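Residue numbers (my numbering): 122 to 829.
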């Protein structure tokens with residue numbers, strides 16, 4: 122029971138997916154908990170301190186699940202916590218959040234929780250929707266039948282939240298009065314005997330906790346190996362069949378609480394559900410797919426249109442900051458570290474914020490409105506063929522803007538194998554960072570002619586590169602489908618929630634959460650790698666660097682170069698003499714079969730920071746300057762001659778080979794950093810880097826050898 126040791130008090134929010142549980146958590150605590158209208162969004166136990174009138178408690182947001190017999194490991198967290206009184210997250214009380222518009226579907230888990238004899242309050246959420254639909258619930262009768270305190274609330278408007286806080290305070294003061302004596306399941310004699318046998322190993326007094334252990338003892342980590350073997354033997358001797366008992370229990374509970382729901386719910390009107398009418402079009406296998414692609418087209422057009430200005434502003438801000446530092450500090454390694462390492466690295470992190478914020482703003486609206494669940498439903502069968510889930514489509518579509526938020530969005534995929542496959546292949550979808558590379562190389566070797574009278578040839582090649590990335594992602598997913606192993610069942614259990622007007626507050630919380638997660642978690646790794654790349658590009662063997670300065674001085678005098686031209690030439694010569702330049706020449710034999718020389722090798726190395734760095738590196742190598750003018754860069758690249766062959770360096774074969782390389786290569790440390798964070802291991806980003814690099818290498822080599 123609850124003690125008066127205030128810091129130790131724990132109250133958990135439980136409920137089905139789509140019940141608004143996380144929205145209530147946000148409203149009570151202000152925490153940045155993700156909110157969505159389809160299962161699997163809340164995948165961890167979240168904590169927040171909450172001060173009640175007389176008690177200070179720790180509020181837990183447990184993952185959404187339909188019952189104690191879940192289909193995924195994430196949902197298993199709930200039964201794992203509540204089946205073990207010794208668990209550090211075991212709550213002193215529970216607030217059961219229920220979508221009042223779906224009362225008949227959401228009481229199963231509540232009746233199971235009641236069996237555990239944990240103090241509980243039933244919070245009927247979305248009462249504003251109930252009223253708008255001319256429906257009502259007899260609170261007094263429902264409370265009497267369940268033997269629970271019942272509170273009407275609205276996560277959207279805040280209605281009833283103060284009443285809920287008051288009930289939570291009372292629960293802390295007198296927990297025994299909040300324990301329901303109602304029972305909705307009477308186990309047969311065999312199941313009672315099973316619970317008694319399991320008790321010998323667990324020592325739990327509550328019969329239903331022992332029944333849960335009987336069902337999940339192999340998945341519960343708090344059951345040690347010896348007890349697991351003992352329980353398994355006892356269950357085998359009694360002929361216990363878990364699935365059979367799960368079905369019988371579920372049916373028995375529905376038989377008990379369904380009449381209660383019918384008695385307490387009334388409706389003044391009996392019109393067809395509005396959501397069902399909308400779904401005739403949005404969930405249609407043909408019309409729905411067309412609507413989805415129109416929405417995606419609008420979303421990504423908006424991302425490119427709206428993100429451009431703030432991204433330019435961020436780039437300009439950091440350019441100004443670097444210029445200010447250069448004007449204040451004397452020329453030294455420390456100034457170079459600040460301007461070219463730390464400031465450039467930080468700018469490389471923050472410049473992604475507009476894209477991430479805008480993308481998740483739209484995605485969150487689609488999720489909270491209930492539309493994304495329809496998308497998952499529409500595309501699940503197609504994605505299953507490649508070992509993924511309908512929810513994987515959200516991540517893959519997101520990748521066309523940036524792979525970083527795409528990888529982060531895979532948290533919505535409950536199946537481990539499907540989530541891992543999606544994470545591994547999402548970066549193969551061409552992102553916005555590849556666009557500068559595509560534009561320069563396509564314009565360099567592909568004429569701007571018209572095909573069939575209406576199609577621009579450069580546009581067709583550009584479209585083809587995107588199609589190639591999608592094809593590569595699907596084929597790679599097919600390979601991972603057979604390589605990765607998982608005990609989880611691969612199926613989609615999805616409730617199509619009613620359409621709702623999204624809460625702007627929750628949408629903004631999602632955006633803030635995603636932006637902060639990227640800047641703090643991935644940004645730290647990106648900064649470290651930025652400094653490493655700065656060092657490799659800025660320093661080299663002392664003799665070589667001195668020689669670069671000497672050669673630059675001679676060429677400047679001979680050519681009567683301006684101060685800016687001399688500075689650009691010096692930067693080019695120093696880059697060649699740097700460790701990065703030496704590394705480029707070192708790898709030249711390995712990349713020669715691809716048609717690349719050491720200069721392209723430097724670009725491949727430096728663009729690991731981000732693919733778009735390729736353009737800046739080309740500007741430096743070919744002495745164009747810091748403006749990164751596309752026309753001037755293309756002009757210099759087109760004029761470049763290979764000293765060994767006397768032929769043009771950037772032939773059609775070389776340019777196409779380089780394009781294929783950038784289609785497949787993992788040239789983005791930001792994405793690797795996020796994959797490391799999402800998988801909590803360096804194993805998966807390293808595997809991802811290796812397999813994508815191999816795809817890029819052999820794809821590029823094949824292209825060059827055929828075209829040359």
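No residue lacks a Cβ here, since even glycine has one placed at the ideal position from N, Cα and C.
Being a predicted model, the structure only gives us computed values, none of them experimental.
Exposed or buried, what is residue 627 when buried is set at 16 or more other beta-carbons lying within 10 Å of its beta-carbon? buried
Thinking C-alpha only, which one of 369, 314, 275, 228 is nearest residue 249? 275
What are the boundary residues of the beta strand (DSSP E) that includes residue 290? That residue, residue 290, is in no beta strand (DSSP E); its alpha helix (DSSP H) goes 282-294.
Considering only C-alpha positions, which residue in the set 640, 699, 142 is nearest to residue 669? 699
So is residue 221 buried or exposed if we call it buried at 16+ other beta carbons inside 10 Å? buried
DSSP three-state label for residue 388, please. Residue 388 carries a strand assignment under DSSP once its states are collapsed to helix, strand and coil.
Compute the distance between the beta-carbons of residue 472 and residue 525, then report whether it is under 7 Å. No, the pair does not count as a contact, with Cβ atoms beyond the cut-off.
Check the DSSP bridge columns for residue 167 and list the partner residues they point to. 182
Exposed or buried, residue 372, counting other C-beta atoms within 10 Å across all chains shown (16 or more means buried)? exposed
Can you tell me whether residue 750 is buried or exposed? The criterion is at least 16 other CB atoms within 10 Å of its CB, across all chains shown. Low confidence applies to residue 750: its pLDDT is 46, below 50, so where it sits in the model is not reliable enough to give any reading.
Quick one: give me the first and last residue of the alpha helix (DSSP H) that residue 798 is part of. 790-800
What separation, rounded to the nearest whole angstrom, lies between the Cα atoms of residue 200 and residue 335? 12 Å
Are the beta-carbon atoms of residue 300 and residue 238 separated by less than 7 Å? yes
Where does residue 683 fall in DSSP's three states? coil
Looking at the strands, I want to know which residues DSSP matches up with residue 216. The secondary-structure analysis by DSSP pairs residue 216 across a beta bridge with 134, 242.
What number of angstroms, rounded off, separates the C-alpha of residue 843 from the C-alpha of residue 591? This structure does not reach residue 843, given that the chain is present from 122 up to 829, and the question cannot be answered.
According to DSSP, is residue 254 part of a helix, a strand, or is it coil? coil
What's the call for residue 588, buried or exposed, on a 16-neighbour Cβ count within 10 Å? exposed
Could you tell me whether the region 273-292 touches the region 314-330, using the rule of 3 or more Cβ pairs below 8 Å? no
The region 795-813 in contact with the region 544-552 per 3-pair CB rule at 8 Å: yes
Where DSSP assigns a beta bridge to residue 577, which residues make up the other side? Paired residues: 571.
6 Å CB neighbourhood of residue 816 in its chain, flanking five on each side removed: 785
May I ask you to list the residues that DSSP assigns as paired with residue 270? 242
Give the straight-line distance between the Cα atoms of residue 818 and residue 825, rounded to the nearest whole angstrom. 11 Å
Is residue 269 closer than 7 Å to residue 385 when the C-beta atoms are compared? Residue 385 is not a Cβ neighbour of residue 269, given a cutoff of 7 Å.
Would you give the residue range spanned by the alpha helix (DSSP H) that residue 148 belongs to? 142-150 is the span of the alpha helix (DSSP H), which, as asked, contains residue 148.
On the three-state DSSP scale, how would you describe residue 769? strand
How many Å lie between residue 652 and residue 457 at the Cα? 10 Å
May I ask you to report which of helix, strand or coil DSSP gives residue 172? strand
Hey, residue 481 and residue 631: beta-carbon distance below 7 Å or not? Remark: C-beta atoms of residue 481 and residue 631 approach each other more closely than 7 Å.
Host alpha helix (DSSP H) of residue 400 (start-end): 395-403
Within-7 Å CB hit, residue 620 to chain B: The chain labelled as chain B is not found in the depicted structure, where only one protein chain is given.
In whole angstroms, give me the CA-to-CA distance for residue 711 and residue 771. 18 Å
Segment limits, alpha helix (DSSP H) that includes residue 475: 474-490
Leaving out five residues on either side along the sequence, give the residues of the same chain with a beta carbon under 6 Å from the beta carbon of residue 133. 181, 183, 212, 215
In the DSSP assignment, what residue or residues form a beta bridge with residue 177? 172
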